[in-house]
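Undergrad: Sending over a structure as structure tokens; questions will come in a sec.
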Amino acid sequence: MAVLFLLDVQVTLLSVLLLCWAGGCAGIPDPRLRDLLIQQEASRQTGGAVLLTDTEQRLSAQLHELKLQEIARPEFPPAMHFFKARALIQRSPIFSLLQKMPKGAALHVHSSSMVGVDWLVKNVTYRPHCYICFTAARSVRFLFSAQQPRTQPHCSPWLLLETLRSKMNTTDLDNSLIQNLTLFTGDPETAYPSQDSVWSKFEETFNVASGLVSHAPVFKDYFYQGLQQFYTDNVMYLELRAALSQTYELDGSTHDRAWSLKAYQDVARKFVTEQPDFLGARIIFSVHRGLNSSEVRVAVEEAMRLQKEFPEVMAGFDLVGREDSGRPLWYFREALSLPSERGVTLPYFFHAGETDWEDTDVNENLLDALLFNTTRIGHGFALARHPLAKDLSRKRGVAVEVCPISNQVLKLVSDLRNHPAAVLMSEGHPLVVSSDDPATFGATGLSHDFYEAFVGIGGMNAHLGTLKELAINSIRYSSLSPQLKDKALTLWQRKWDKFISENSQ
Ligand SMILES: *[C@@H]1O[C@H](CO)[C@@H](O)[C@H](O)[C@H]1NC(C)=O
Ligand SMILES: *[C@@H]1O[C@H](CO)[C@@H](O)[C@H](O)[C@H]1NC(C)=O
Ligand SMILES: *[C@@H]1O[C@H](CO)[C@@H](O)[C@H](O)[C@H]1NC(C)=O
Ligand SMILES: *[C@@H]1O[C@H](CO)[C@@H](O)[C@H](O)[C@H]1NC(C)=O
Ligand SMILES: *[C@@H]1O[C@H](CO)[C@@H](O)[C@H](O)[C@H]1NC(C)=O
Ligand SMILES: [Zn+2]
């Protein structure tokens, strides 16, 4: 009855509105009509239709209050560069709540940036047989080796790190190594004046880390440590983009991609045995979009084999690297059509529209990703400017993976209130929040990105229902089977109810 009555009032008010537009009534518009319009608009946003319990509504009101305090302060973190805002964010009571909140799944994270770089330096580089060399560009490379390794082109002779440490101030050395592995700095505007400069340092950090993380024993420990860090941040499942590059042993022997995939599977299973409220991880095999068409063809063929051999852990395929300078999806059309031609299922999870240019090949990546039946869209930063791609993504339930800090650090947007996902969020477009390369950006798990999405992108409109829908979306739009999604949702709901009862006042 109540619902019918409400509908009735709405219909009446809407007809009043139409009459007024036709010039039928003068003076101040009907405030009931105004309320109704505000309410209807708010109901369209992400979480706008989520029904909150009384306890949830109390927590939502608390969050609202905390947001008002946050915007009343002279420095508003989402308007600042994350490197300058991080300390402020970490002191924010909203951030503490977001850390405790069960966030569901992290669906857009790159495998070699999951673990805080401190751990790489303080733990991994202290292991025996770790060698270092110095490049002309004041960067470094690492290698584990039983014997003195052969000098590589463009790098100094290898030095045993242990020997170097005994001769140097260890604190200074370790700090400089940390600097080599992350973009984080106190003065980002000076350090990275352009997209080119930030991308070049960004890709360099992966070159620095590769000698460490591709050492076979470290590879497994690193992944375990990564799962631990996300689990501690109240994330229950991950989908990782991974290159599955060769890993190596101390004697220089190497392992292939199947070894890496098997290692991911074994470590994830071990972790789940130890933490039964964690659901594990799946891998999106990703190669660099700088490769040429024949190389990507080989990669797609391998992806199909791996998918068949490791259906539990292998989720699908993606192309990574900077879109503006890499090759567009359409260039790879023959390789990407192989699975459908052969009647094989290889789900795609394309990065697309990670750009602020218009009318370039890169922009077509969004439509092409959809043409190739992508399961989700990585970033989709340009989606709001592509009405057709946006419609298709919405109708087909192809969620956009929004990574706010990544977009800001890589200089697509400076004030996160202006992030284009604000439009998508206000329309309730299918989206999830993720952290892309948290270690490289100095973030942890998902909480920093949730803070930016909730306080900056969502603004005052975002409420507890928004957070709830974002968390549920991360399970709904994951690559898990329907049975595992049900299991994940049940588990998540239990954690959520506990979070609400412990934090609502
Ligand atoms: C190393 O350098 C730091 C300053 O960077 C200094 O505080 C510390 O005392 C030095 N340690 C040693 C053992 O000299
Ligand atoms: C990288 O580490 C080396 C060796 O400690 C150091 O000389 C160099 O300044 C570091 N580079 C950066 C960008 O921090
Ligand atoms: C490094 O991490 C491993 C686990 O990955 C742990 O067993 C070991 O104790 C750590 N070592 C140090 C020096 O922290
Ligand atoms: C791709 O690159 C490889 C070498 O890296 C080369 O042998 C091959 O001919 C190239 N293919 C095309 C289509 O350019
Ligand atoms: C995409 O899906 C449509 C409809 O299921 C199918 O007809 C088409 O072949 C698929 N395209 C590719 C490239 O997989
Ligand atoms: Zn990415």
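Residue numbering for the sequence shown is -27 to -1, 1 to 478, as defined by mature numbering (1 follows the signal peptide of the UniProt record, and there is no 0). Note that beta-carbon positions come from the ideal geometry of N, C-alpha and C, so glycine has one too.
Nearest to leucine 185 by CA position, among Met209, Arg295, Gln219, is which residue?
TA: The residue given as residue 185 occupies position 212 in the sequence shown. Of Met209, Arg295, Gln219, the residue nearest in Cα terms is Gln219.
Undergrad: Restricting to runs no shorter than 4 residues, where is the alpha helix (DSSP H) found entirely within the region 118 to 190?
TA: Counting only runs of 4 or more, we get 134 to 140, 143 to 154, 161 to 164, 168 to 186.
Undergrad: What's the call for serine 266, buried or exposed, on a 16-neighbour Cβ count within 10 Å?
TA: For this step, residue 266 is matched to residue 293 along the sequence shown. Counting Cβ neighbours within 10 Å, serine 266 comes out exposed, since fewer than 16 surround it.
Undergrad: What three-state label does DSSP hand lysine 468 in the structure shown?
TA: On the sequence shown, residue 468 is found 495 positions in, with the first residue counted as 1. Lysine 468 falls in the helix class under three-state DSSP.
Undergrad: Can aspartate 91 be considered in contact with ligand 3, in the sense that its beta carbon sits closer than 8 Å to one or more heavy atoms?
TA: Within the sequence shown, residue 91 is the residue found at index 118, counting from 1. No - ligand 3 has no heavy atom lying nearer than 8 Å to the Cβ of aspartate 91.
Undergrad: Does DSSP classify histidine 228 as helix, strand or coil?
TA: Locating residue 228 in the sequence shown gives position 255, where the first residue counts as 1. Strand at histidine 228.
Undergrad: Using a Cβ-Cβ cut-off of 6 Å (strictly less than) and excluding sequence neighbours within five positions of tyrosine 210, which residues of its own chain qualify?
TA: Indexing the sequence shown from 1 puts residue 210 at position 237. So the qualifying residues of the chain are Ala78, Leu252.
Undergrad: Leaving aside the five residues before and after leucine 150 along the sequence, list all residues of the same chain whose C-beta is less than 6 Å from its C-beta, in chain order.
TA: Position 177 of the sequence shown, counting from 1, holds the residue named residue 150. For leucine 150, where only same-chain residues beyond five positions count, the Cβ hits under 6 Å are Val94.
Undergrad: Hey, how far is the Cα of residue 483 from the Cα of valine 373?
TA: Examination of residue 483 is not possible in this model, given that the chain is present from -27 through 478 alone.
Undergrad: In whole angstroms, what separates the C-alpha of glutamate 327 from that of lysine 368?
TA: Within the sequence shown, residue 327 is the residue found at index 354, counting from 1. Within the sequence shown, residue 368 is the residue found at index 395, counting from 1. Answer to the nearest angstrom: the Cα atoms are 21 Å apart.
Undergrad: Skipping 5 residues on each side, what residues in its chain have a beta carbon closer than 7 Å to that of leucine 223?
TA: Sequence index remark: in the sequence shown, residue 223 carries index 250 (1-based). For leucine 223, where only same-chain residues beyond five positions count, the Cβ hits under 7 Å are His102, Phe117, Ser118, Ala119.
Undergrad: Quick check: is any heavy atom of ligand 6 less than 8 Å from the C-beta of histidine 324?
TA: Here residue 324 refers to the residue found at position 351 of the sequence shown. Because some heavy atom of ligand 6 lies under 8 Å away, the Cβ of histidine 324 counts as near it: yes.
Undergrad: Please name the residue, chosen from Lys441, His261, Asn434, that lies closest to histidine 37 on a Cα-to-Cα basis.
TA: The residue labelled residue 37 in the question sits at position 64 within the sequence shown. The candidate whose alpha carbon is nearest that of histidine 37 is Asn434.
Undergrad: With distances taken between CB atoms, is the gap from glycine 418 to lysine 76 smaller than 9 Å?
TA: As a position in the sequence shown, residue 418 is number 445, starting the count at 1. As a position in the sequence shown, residue 76 is number 103, starting the count at 1. Yes, the pair counts as a contact, with Cβ atoms nearer than the cut-off.
Undergrad: For the beta strand (DSSP E) that contains arginine 100, what are its first and last residues?
TA: To locate residue 100, count along the sequence shown from 1; it is residue 127. Unbroken run through arginine 100: none, as it is neither H nor E.
Undergrad: Should alanine 110 be labelled buried (16 or more other beta-carbon atoms within 10 Å of its own) or exposed?
TA: Against the sequence shown, residue 110 aligns to sequence position 137. Classification for alanine 110: exposed.
Undergrad: Roughly how far, in whole angstroms, is the beta-carbon of glycine 20 from the beta-carbon of threonine 439, given that I think they are within contact range, below 8 Å?
TA: As a working mapping, residue 20 is identified with position 47 in the sequence shown. As a working mapping, residue 439 is identified with position 466 in the sequence shown. Glycine 20 to threonine 439, Cβ: 4 Å. Contact.
Undergrad: Hey, out of Val113, Met141, Asn142, whose CA is closest to threonine 128's CA?
TA: Your numbering for residue 128 matches position 155 in the sequence shown. Before going further, note that residue 128 is cysteine rather than threonine in the sequence given. Cα-wise, what sits closest to cysteine 128 is Val113.
Undergrad: Please report the straight-line C-alpha distance between leucine 457 and leucine 343, rounded to a whole angstrom.
TA: Sequence index remark: in the sequence shown, residue 457 carries index 484 (1-based). Sequence index remark: in the sequence shown, residue 343 carries index 370 (1-based). If I take the Cα positions, the gap works out to 25 Å.
Undergrad: Is it buried or exposed, residue 481, if we count other Cβ atoms within 10 angstroms and call 16 or more buried?
TA: This structure cannot speak to residue 481, because the chain is shown only from -27 to 478.
Undergrad: Using the three-state DSSP reduction, which class does glutamate 38 fall into: helix, strand or coil?
TA: On the sequence shown, position 65 is the one that residue 38 refers to. The answer is helix: DSSP assigns glutamate 38 an H, G or I state.
Undergrad: Counting beta carbon pairs with one atom in the region 408 to 415 and one in the region 9 to 24, are three or more of them shorter than 8 Å?
TA: No: the two stretches stay apart, fewer than three of their Cβ pairs being nearer than 8 Å.
Undergrad: Just the Cα atoms here: how many angstroms apart are asparagine 391 and glycine -1?
TA: Translated into the one-based positions of the sequence shown, residue 391 becomes position 418. Translated into the one-based positions of the sequence shown, residue -1 becomes position 27. The straight-line gap from Cα to Cα measures roughly 35 Å.
Undergrad: Identify every residue that forms a DSSP beta bridge with cysteine 376.
TA: Numbered from its first residue, the sequence shown carries residue 376 at position 403. According to DSSP, which records beta bridges pairwise, cysteine 376 is partnered with nothing at all.
Undergrad: Does the beta-carbon of arginine 255, which I'm using as the reference point, lie nearer than 8 Å to any heavy atom of ligand 6?
TA: Locating residue 255 in the sequence shown gives position 282, counting from the first residue. Result no, Cβ not under 8 Å from ligand 6.
Undergrad: So, helix, strand or coil for phenylalanine 305, using DSSP?
TA: To locate residue 305, count along the sequence shown from 1; it is residue 332. If DSSP states are grouped into helix, strand and coil, phenylalanine 305 belongs with the helices.
Undergrad: Taking only runs that begin and end inside the region 232 to 270, name each unbroken beta strand (DSSP E) of 3 or more residues, in chain order.
TA: Runs of the beta strand (DSSP E) inside the region 232 to 270: 254 to 261.
Undergrad: Residues in its own chain within less than 8 Å of arginine 138 by CB, not counting five upstream and five downstream?
TA: On the sequence shown, residue 138 is found 165 positions in, with the first residue counted as 1. The residues are Leu146.
Undergrad: So the alpha helix (DSSP H) glycine 438 belongs to, where does it begin and stop?
TA: One-based indexing of the sequence shown puts residue 438 at position 465. Counting along the chain, the alpha helix (DSSP H) containing glycine 438 begins and ends at 437 to 449.
Undergrad: Check each candidate in Val208, Asp239, Tyr204 and name the one with the smallest Cα separation from phenylalanine 192.
TA: Looking up residue 192 in the sequence shown gives position 219. For phenylalanine 192, the nearest C-alpha among the options comes from Asp239.
Undergrad: Could you pull out every unbroken alpha helix (DSSP H) segment of at least 4 residues lying fully inside the region 317 to 371, listed in chain order?
TA: The region 317 to 371 contains these whole alpha helix (DSSP H) runs: 334 to 344, 360 to 368.
Undergrad: Got a sec? Which residues, its chain only, sit under 6 Å from valine -25 by beta carbon, not counting five neighbours each side?
TA: On the sequence shown, residue -25 is found 3 positions in, with the first residue counted as 1. Confidence in valine -25 is poor, its pLDDT being 40 and thus under 50, which makes the residue's placement unreliable; the coordinate value appears in the next sentence. Cβ within range, chain order: n/a, list empty.
Undergrad: What is the DSSP secondary structure of glycine 199, reduced to helix, strand or coil?
TA: Within the sequence shown, residue 199 is the residue found at index 226, counting from 1. Three-state DSSP puts glycine 199 in a helix.
Undergrad: In the DSSP assignment, find the alpha helix (DSSP H) that holds aspartate 8 and state where it starts and stops.
TA: Here residue 8 refers to the residue found at position 35 of the sequence shown. Per DSSP, aspartate 8 belongs to the alpha helix (DSSP H) from 4 to 16.
Undergrad: Nearest to leucine 24 by alpha carbon, out of Gly225, His436, Ser452?
TA: Stepping through the sequence shown from its first residue, residue 24 is reached at position 51. It is His436 whose Cα lies nearest to the Cα of leucine 24.
Undergrad: Using DSSP with H/G/I as helix, E/B as strand and the rest coil, what is methionine 74?
TA: Translated into the one-based positions of the sequence shown, residue 74 becomes position 101. Looking at methionine 74 - three-state DSSP - the assignment turns out to be coil, as it is neither helix nor strand.
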